[in-house]
Amino acid sequence: MNPRREAFLIFCSDITGFSCFELATTGLVETYRVLVDAVLGSRASEFNACIESIAALPDAAQREAKIRAMLLPSSLYWPVVSGLISLWYLGVWTQLPNRWYQEAGLPLPGPQDPGRTHVPSALAYIEQLSYRSAFAHPPAAKPTGFGSWSVAPVIDETTP
Amino acid sequence: MLFPQGATKKTTFKAACETVHDVVIVGGGVAGAIIADELAKAHKSVLILEAGPAEDMTLAGYESYLRRFYGATSKDNQAPYPVNPNAPMPRGPEARKITPGQPATGGYIVQNGPFASDTTYTRVLGGTTMHWEAKVLRMLPEDFHMRSQFGQGVDWPLNYEDLEPYYELAEAEIGVSADVEDQQYLGLKFRKGYEFPMQGLPLSYLDRQVDRGIENTAVTVAGETHSLRVRPFPQGRNGIPNPRYAGGQGFKPVGAVNTAQVEIGERCQGNNNCVPLCPVQAKYHAGKTLAKALKRGGVRLLPQAVAAKVQLRDGRVSHIAVKHYADPASPAFEEGNIRAKVFVLCANAIENARLMLQSDLPSTSGLVGRNLMDHAYLLSWGLMPERCGTMRGTNCTGGIVDLRGGTFRRQQAAFSVDIHNDGWGWATGAPYSDLTLLVDDENEFGCDLRRKLAERVTRQLLLAAMVDVLPSESNRITVDPRYTDALGNLRPVMSYNVPEYTLRGVAYAREFSRLVFQRLGAADHTAYDPEDYGYVTYEGEGYIVRGGNHLAGTHMMGTSPRNSVVNTEQRSWDHDNLYLAGGGSLPTIATANVTLTIAALCYKTASAILRDLS
Amino acid sequence: MKWDKQQAVDVDTNRAGVAMTETMGTSEEKLRYLRTQLHRAMQLEHATIPPYLMALYSLKPGSNLDAQNILRVIVVEEMLHLTLAANLLNAVGGLPDLTVDGFVPRYPAPLPDGETAFTVNLAPFSPDTLETFLKIESPVPPAPDAALRGTRRVLYGALSSGLGSTTDEKRFATIGEFYRDIEATLNQLYEDMGPDRLFTGAVDRQVTSNYYYSGGGELFPVTDIASANRAIQLIVQQGEGYTESVHDAEGEIAHYYRFYQLKVGRYYQRNDPPDGPSGPPLDVDWEAVFPVGKNLSMDDYRHLPEVRHAAAAFNESYGSFLRLLTDAFNGRPQILSEAVPMMFRFRDKFLQLVHYPLPDGRHAAPTFEIGPRRCGP
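Residue numbers (the numbering used here), protein chains in the order written: chain G, 625 to 784; chain B, 313 to 926; chain R, 1032 to 1408.
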């Protein structure tokens, strides 16, 4: 995998708490990487450099520490990071506040632009992590079958 | 279920205006569909006017509802259904607190208040049964005698025994999954040997956890003790066919509607999205009955046709003026008159009243639009001590119905409690709200976030108490020429307050939920924000009351033209050839979701119409 | 050929190979032959399920709704056929076993097509894949051509069941012919033996829609010659169709014609000729497909431990599913209620693999390399 994509995947894994493999099985990694780049516009390369430097650290605890040190305090980066976490968990990209666009020096998104509040695709809705974290499924997608609701929830132990 | 290809395009507006039909039905929802089907069986010519757009009911069309739902950035109970200014419908997110003296005009329904209702209904082919949850409760025998038995509300001009055979017909048409032995409580009785079409759906794991917690619990109200248990609700969705149904003939579930054969929807899969849309059509919707009716010959459907005025001549209805639009995106319309021998309004309690008032017909009772009722929902939510597999199954499989009846109804409203399988969603917007709280407010991320979210969501228990609302003449729908929609039809204006009788029931229901949480060892997380549009106070305590979309009362049935709008067959006392069918006819709603009773009454009405026509 | 020869549980190995019905001697031999064929029928019905599922699940959500619905109907009907074949086998005193080695073919799997065999792959939805599906379901010609029988390639090469392919072995041009032969054998045996000696299976081994509902039509018990014939009719009619008309009496159309609609981009209407559907158009978006690799095996994942693990877990759960079915078909139909949630769970695992981008740009997939049967209870 190309290093930028790999760094993005590792970063997403660190911020969502789902493994790289689990995220890859949603089929959404590349879609979301492209979306975040598009939202960031001219600020994308510095954000990506940041992510790559974090992802380069081999130890998960070190990466978490660096996230807390570099990204959490940043009024520029953290809204993008929390937006990305919400995107993974809820399948919706929520438009960043106007003051973020001001601070970033970027134009506000138009009604068709990637930065607007929107659901990127049916797959984004179906593969959202919120219900998956609760050993369940989003309403109207991936049902568990007639009668399955009457037994204790199945905790999937097979994913690494 | 095959939908006859081209049925929605076959009838032109011109042709519809040129014919004198046996019967014209306003509204292609469950009431209109059942009446049309019954009339068609007797070879009558029927025209159904549907305000919403109607493509042939195909999987592709249905799936466009599903895609719209997936793509909605925030999901409310009308999220799948497109906005149509020519046949607008109320939507939950429009609800706002009402400033006294200033009508809230942001939504389709203009609201005077004081109570801000978030009630909705769906103006598409199939009506609100596209979006309903599909609980199909019969009313209790005592619900028909509220005045004589409890000194509250009014008595129906019918009783349970009168309605029983019609309940059976409705249960057959909707396709109900239930077991008789679970439904015989509080006086509910069934014909000896009666079987439901399909076996009861299994209770959820969550239901059984709650049942374990409350077994051996009893409550005493007004000196009467009620012991509690969790009972499955009868549901209008496909389950395992009952081999003993119809004397051993069995039952064939009706699945998805399409113009070519498909095999989907013949059994519930637990999609947990009953409201606002079952993705596979395992849930009943009136399109299934419409498809049957349209195949019989004699039934025509004219979509994008909004009834504007009921016109009289010599005291009888001579025609209905209709506005027919070509394109939902444009307010351009053509007008015409639809003539028939008999006219049936099936547009729901609010729209029927709106149309009658817009038509400005004389009314002996003066009750058209009055006595508006909707169930008051009181939500309570907590966290169970252990994981209970929330977010699986139908929206609701079981509940506590032991307080649907009893002597306490002399003083306070009865209620039925739903155990929600979909967590705190309705109350808080879970899991979205939980995620947002953790990420935005608490800066959680990574494994901690995943774990904390899981711990919350998978233990969420929501109890929804559906509280009885009595008829009150000041709760009403009116019209006002200041408020119109894109076609120039008058919008409904609602004045509504939650009666004190109901608030007493609400307060008790809150106490009741506290007791249940305590028995379950669940942490009570219920909190009512005074800024919420549904916030009400009673005896110094605050509660949030939500609408139930169970609209009723606006053309109440009764014993005479002075005390009611329609008779027991839903015929207008004042107009021999006009019927007003639907929730508006119900004198009380008690603690039963209204659709089953509406459907039952429609069979009675259809017989009456056939008598009229012969 | 990647087929293991393994004894089928319900049949003695006939070392001389199986001769044609007309030349078989005793009723006992014919009955053994019938049971063997019914086991093969189960294998055959099952064998198309993984390729159809692969095509179905390769479709991106929100796209290709027509193809999704058509493929789904067909898969659901194949499962119905599989269950009906089990009912047939049980009815005539056989013992269904989906856990024998090789019950699930290794893909690519050869299936007969007149003179030659064609290959069935585990592959994403595509024009090629669709052509293969049309071949699988191709209709039986109205009158089987006796003269050609001797020259056709063996169906059994594609299916294990422990019977060798000798020159004496019966050959079938299509699956439809295979079922015609079963039908003939069954009715012949009924005449020879009578119902009591033929239908010896216990009635409580029969699966009805009470126990298992996947759709596809009525699942009925097989208890006598009428229901046995009806079961075979249903399988063939839903598959290839016995007749030349597209729609049957109930207005349903066979798999072949459902697939043909996808090829031509139109639905059939009543009274359309077989080669000319005239109904509403249907849309196929060949691009809205996950680029799943063709016939991927565990070996393809040797450098990807997580994918390997997930693929192995899928194969393991699929194997458990086949064990559950076997158990259910051998006197415990009530446990089939557990099969439904299991199917939905391995749908999720299936999709997880299909979503996964491999380093070379293809997407992963389940391999359906179902292991040997475990020993033990």
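Where a beta carbon is used, it is the ideal one built from N, C-alpha and C, also for glycine.
Out of the options, which has the shortest C-alpha to C-alpha gap to residue i?
i: B:GLY919; options: B:GLU575, B:GLU350, B:ASN755, B:TYR891; result: Here residue 919 of chain B is Ser; the residue named in the question, Gly, does not match the sequence. With distances taken between Cα atoms, B:SER919 lies closest to B:GLU350.
i: B:ILE731; options: B:ILE576, B:ASP886, B:MET696; result: B:MET696
i: R:LYS1380; options: R:GLN1292, R:THR1079, R:TYR1088, R:GLN1365; result: R:TYR1088
i: R:SER1058; options: R:ASP1306, R:ARG1228, R:GLY1350, R:TYR1298; result: R:ARG1228
i: B:PHE502; options: B:VAL622, B:LEU452, B:ASP467; result: B:LEU452
i: R:LYS1393; options: R:TYR1332, R:LEU1111, R:ALA1233, R:PHE1377; result: The sequence shown places Arg at residue 1393 of chain R, rather than the Lys named in the question. Out of R:TYR1332, R:LEU1111, R:ALA1233, R:PHE1377, R:TYR1332 has the C-alpha closest to the C-alpha of R:ARG1393.
i: B:LEU765; options: B:ASP886, B:ARG699, B:GLY648; result: B:ARG699
i: G:GLY729; options: G:GLN736, G:LEU720, G:PRO735; result: G:LEU720
i: R:GLY1225; options: R:ALA1257, R:PRO1127, R:GLU1400; result: R:ALA1257
i: B:ARG651; options: B:ILE662, B:ASN660, B:SER677, B:LYS621; result: B:LYS621
i: B:ASN664; options: B:CYS759, B:ALA798, B:GLU362, B:LEU892; result: B:LEU892
i: B:SER386; options: B:TRP738, B:VAL422, B:HIS457, B:TRP444; result: B:TRP738
i: B:MET864; options: B:MET685, B:PRO565, B:PRO394, B:ILE526; result: Before going further, note that residue 864 of chain B is Ala rather than Met in the sequence given. Looking at the Cα atoms, B:MET685 is the closest of the given residues.
i: B:MET401; options: B:TYR382, B:GLY413, B:THR432, B:ARG380; result: B:THR432
i: R:TYR1210; options: R:VAL1267, R:TYR1299, R:PRO1390; result: R:VAL1267
i: B:TYR374; options: B:GLU756, B:VAL569, B:LEU606, B:GLU483; result: B:VAL569
i: G:PHE632; options: G:SER666, G:THR649, G:PHE671, G:ARG667; result: G:PHE671
Could you pull out every residue in the same chain whose Cβ sits closer than 8 Å to the Cβ of residue i, ignoring the five residues on either side in sequence?
i: R:ASP1176; result: Confidence at R:ASP1176 is low in this model, with a pLDDT of 36, below 50, so the placement of that residue should be treated as unreliable; the coordinate-derived value is given next. Excluding positions up to five away in sequence, the list is empty.
i: G:TYR749; result: GLY715, VAL743, PRO762, ALA765
i: B:THR796; result: LEU802, ARG803
Tell me which residues share the same chain as residue i and place their Cβ nearer than 7 Å to its Cβ, disregarding the 5 neighbours each side in the sequence.
i: G:PRO738; result: LEU659, ALA662, VAL663
i: R:LEU1367; result: VAL1238, TYR1242, TYR1243, ALA1359
i: R:ASN1100; result: none
i: B:TYR840; result: TYR847, GLY854, TYR855, ILE856
i: B:ARG858; result: ASP430, TYR689, LEU691, GLY846
i: R:ALA1117; result: MET1073, PRO1127, VAL1238, PHE1360
Between residue i and residue j, how many whole angstroms is the CB-CB distance? I'm expecting something under 8 Å.
i: B:HIS862; j: B:ILE901; result: 6 Å
i: B:PRO546; j: B:GLY710; result: Actually they do not touch by this definition, with Cβ atoms about 11 Å apart.
i: R:LYS1061; j: R:GLN1219; result: 7 Å
i: R:HIS1070; j: R:LEU1120; result: 6 Å
i: G:ALA760; j: B:ARG771; result: Not confirmed; about 12 Å, so no contact.
i: B:GLY341; j: B:GLY439; result: 2 Å
i: B:GLY717; j: B:GLY535; result: That pair is no contact at about 15 Å.
i: B:GLY648; j: B:VAL629; result: Contact doesn't hold; Cβ gap of about 16 Å is too wide.
i: B:GLY582; j: G:PHE770; result: 7 Å
Leaving out five residues before and five after residue i in sequence, what residues of the same chain have Cβ atoms less than 6 Å from its Cβ?
i: B:THR529; result: LEU540, ARG831
i: B:TYR845; result: ALA407, ARG408, LYS409, ALA428
i: R:GLU1053; result: A caution first: R:GLU1053 carries a pLDDT of 48, below 50, which makes its placement in the model too unreliable to give a value.
i: B:TYR393; result: THR434, VAL436
i: R:ARG1046; result: With a pLDDT of only 28 at R:ARG1046, under the threshold of 50, the placement of this residue in the model should not be trusted; the figure read from the coordinates follows. Cβ within range, chain order: n/a, list empty.
Which residues does DSSP list as the beta-bridge partners of residue i?
i: B:PRO426; result: B:TYR808
i: B:THR849; result: B:GLY854
i: B:LEU695; result: B:GLN772, B:ALA835
i: B:MET510; result: B:SER489, B:PRO553
i: B:ASP639; result: DSSP lists no partner for B:ASP639.
i: B:CYS708; result: B:HIS732
i: B:ASP467; result: B:HIS457
i: B:GLN547; result: B:LYS447, B:SER489
i: B:ARG628; result: B:ARG625
i: G:TRP717; result: G:HIS742
i: B:MET685; result: B:ALA864
i: B:GLU536; result: B:VAL533
According to a CB-to-CB cut-off of less than 7 Å, which residues of the segment 388–407 of chain B neighbour chain R? Answer in chain order: no residues at all.
Taking any Cβ of chain R, which residues in the segment 741–752 of chain G have a Cβ under 7 Å from it, in chain order? Answer in chain order: SER745, ALA746, LEU747, ILE750.
Which residues, taken in chain order from the segment 1075–1103 of chain R, show a beta carbon closer than 8 Å to some beta carbon of chain B? Taking 8 Å as the Cβ-Cβ cut-off against chain B, the residues of the segment 1075–1103 of chain R that qualify are GLY1093, LEU1096, ASP1097, ASN1100, ARG1103.
Residues, ordered as in the chain, of the segment 547–565 of chain B that lie near chain R by beta-carbon distance below 8 Å: Identification of residues in the segment 547–565 of chain B having a C-beta nearer than 8 Å to some C-beta of chain R yields ILE552, PRO553, PRO555, given in sequence order.
Residues, ordered as in the chain, of the segment 571–604 of chain B that lie near chain R by beta-carbon distance below 8 Å: Within the segment 571–604 of chain B, the residues whose Cβ lies closer than 8 Å to some Cβ of chain R are THR571, ALA572, GLN573, VAL574, GLU575, ILE576, GLU578, ARG579, GLN581, listed in chain order.
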